[in-house]
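Below: one structure, written as structure tokens.
Below you can see the structure in the form of structure tokens.
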């Protein structure tokens, strides 16, 4: 079983749903770039051989009993990381978009800056990462919305290539957005006055599968995330909690 | 108007009987059946009591009685749907938390089994 036994212990979590075509390469890449890290694939009830491929590549697997969606899947990983004592957790997508060679840079920033979250951003430097026009427009929109809320600019608010430390884990194990969690998670942390930083990363086109956010769904995505952002701002439980006090908002 | 009230009476009786049978067969929990029983009883009383319906129409400043009946029933249904949305949301949160807990406990159990082997 994975266990965060030393003060700088790192767990890399990979939420996966039907990613048999890419998850093996992702796990192998992580093991090559951060050999000391534990690797956990959280399987969201895949109907293909994602679990077998992940195990064969050397990852631990946390199979969920039924499909929870991305947020529930990632939060399960955060809960296990918290309970097993890990200091840092970095989330990597199972579709091959995130390059494991950037993990050491995210970890280093987490350890040296003391901030609670580090986002791997494809927009800090021009690094050849490409994205569709609709998504690009959505990212610009959310940059503008989030800037006054977060009090600082965020270049890539939709990035799922994210590292967190144990203080953020304590919050996320109890309160984590269930659908499209990336942007809302920033607001959840901001309400605790936690800090985040961004580091440049390169993102590749996904190896297999398709994004769940189609052009039509992107409008639903924008409305849903906007609502989530404002709900998180208005939540009463966040107003009464002071930074560092932790506690449980909901869940267990 | 009379036909409308008769139809409303028939619907409320059917609803009342259906809810009671559902409770008896344990298809619906008693605490959730109370709202439906209250609604169907209220519909029955309103459809059989023109005086009360006229009083409510005048109090609401509405021009005619069928509109008053329609609005009252719609308002109660909206409140019920909202209440059930709250219940479903709470159940979903609990369900996700339980699924995550189950997954973590199974993971730990299998790890212990592997360790013993």
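Residue numbers (the numbering used here), protein chains in the order written: chain P, 1 to 252; chain L, 1001 to 1117. For glycine and all other residues, C-beta sits at the position ideal for the given N, C-alpha and C.
If residue i sits next to residue j, beta carbons under 8 Å apart, how far is it from one beta carbon to the other, in whole angstroms?
i, j, result
"residue 52 (chain P)", "residue 41 (chain P)", "11 Å between Cβ atoms; not a contact."
"residue 1104 (chain L)", "residue 83 (chain P)", "7 Å"
"residue 103 (chain P)", "residue 33 (chain P)", "6 Å"
"residue 120 (chain P)", "residue 98 (chain P)", "7 Å"
"residue 25 (chain P)", "residue 96 (chain P)", "6 Å"
"residue 44 (chain P)", "residue 67 (chain P)", "6 Å"
Using the C-alpha atoms, what's the distance from residue j back to residue i?
i, j, result
"residue 186 (chain P)", "residue 1096 (chain L)", "21 Å"
"residue 148 (chain P)", "residue 1113 (chain L)", "51 Å"
"residue 1033 (chain L)", "residue 62 (chain P)", "39 Å"
"residue 173 (chain P)", "residue 79 (chain P)", "5 Å"
"residue 216 (chain P)", "residue 135 (chain P)", "11 Å"
"residue 109 (chain P)", "residue 1081 (chain L)", "48 Å"
"residue 1117 (chain L)", "residue 190 (chain P)", "46 Å"
"residue 1017 (chain L)", "residue 1102 (chain L)", "40 Å"
"residue 118 (chain P)", "residue 22 (chain P)", "24 Å"
"residue 235 (chain P)", "residue 13 (chain P)", "28 Å"
"residue 1054 (chain L)", "residue 1060 (chain L)", "10 Å"
"residue 139 (chain P)", "residue 156 (chain P)", "7 Å"
"residue 1023 (chain L)", "residue 1031 (chain L)", "10 Å"
"residue 55 (chain P)", "residue 122 (chain P)", "29 Å"
"residue 202 (chain P)", "residue 91 (chain P)", "15 Å"
So the alpha helix (DSSP H) residue i belongs to, where does it begin and stop?
i, result
"residue 1055 (chain L)", "1050 to 1060"
"residue 1111 (chain L)", "1065 to 1116"
"residue 133 (chain P)", "133 to 150"
"residue 171 (chain P)", "166 to 172"
"residue 77 (chain P)", "69 to 83"
Nearest CA to the CA of residue i: which residue from the options?
i, options, result
"residue 111 (chain P)", "P:231, P:9, P:150", "P:9"
"residue 224 (chain P)", "P:190, P:188, P:177, P:200", "P:177"
"residue 1037 (chain L)", "L:1014, L:1072, L:1019", "L:1019"
"residue 76 (chain P)", "P:15, P:47, P:122", "P:15"
"residue 46 (chain P)", "P:19, P:31, P:30", "P:19"
"residue 205 (chain P)", "P:85, P:93, P:6", "P:93"
"residue 281 (chain P)", "P:230, P:162, P:175", "No information on residue 281 (chain P) is available, as it lies outside the stretch 1 to 252 that chain P covers here."
"residue 71 (chain P)", "P:155, P:119, P:180, P:54", "P:180"
"residue 1047 (chain L)", "L:1078, L:1029, L:1067, L:1093", "L:1067"
"residue 1009 (chain L)", "L:1040, L:1107, L:1087", "L:1040"
"residue 7 (chain P)", "P:55, P:86, P:66", "P:86"
"residue 1035 (chain L)", "L:1108, L:1076, L:1106", "L:1076"
"residue 11 (chain P)", "P:167, P:17, P:30, P:25", "P:30"
"residue 232 (chain P)", "P:3, P:146, P:169", "P:146"
"residue 158 (chain P)", "P:144, P:4, P:169, P:100", "P:144"
Check the Cβ of residue i against every Cβ in chain P and list those closer than 8 Å, keeping chain order.
i, result
"residue 1111 (chain L)", "1"
Taking C-beta pairs closer than 7 Å, name the residues in chain P that residue i reaches, listed in chain order.
i, result
"residue 1102 (chain L)", "65"
"residue 1055 (chain L)", "Neighbours of residue 1055 (chain L) on chain P: none; closest Cβ ~40 Å, over 7 Å."
Below 7 Å on C-beta distance, what does residue i contact in chain L?
i, result
"residue 79 (chain P)", "1100, 1104"
"residue 75 (chain P)", "1100"
Could you tell me which chain L residues have their CB closer than 8 Å to the CB of residue i, listed as they occur along the chain?
i, result
"residue 178 (chain P)", "1096"
"residue 83 (chain P)", "1104"
Would you give the residue range spanned by the beta strand (DSSP E) that residue i belongs to?
i, result
"residue 196 (chain P)", "196 to 200"
"residue 60 (chain P)", "60 to 63"
"residue 1002 (chain L)", "Unbroken run through residue 1002 (chain L) is the alpha helix (DSSP H), 1002 to 1024; no beta strand (DSSP E)."
"residue 56 (chain P)", "Taken as a continuous stretch (DSSP letters only), residue 56 (chain P) belongs to no beta strand (DSSP E), being part of the alpha helix (DSSP H) at 50 to 56."
"residue 41 (chain P)", "38 to 43"
"residue 15 (chain P)", "10 to 16"
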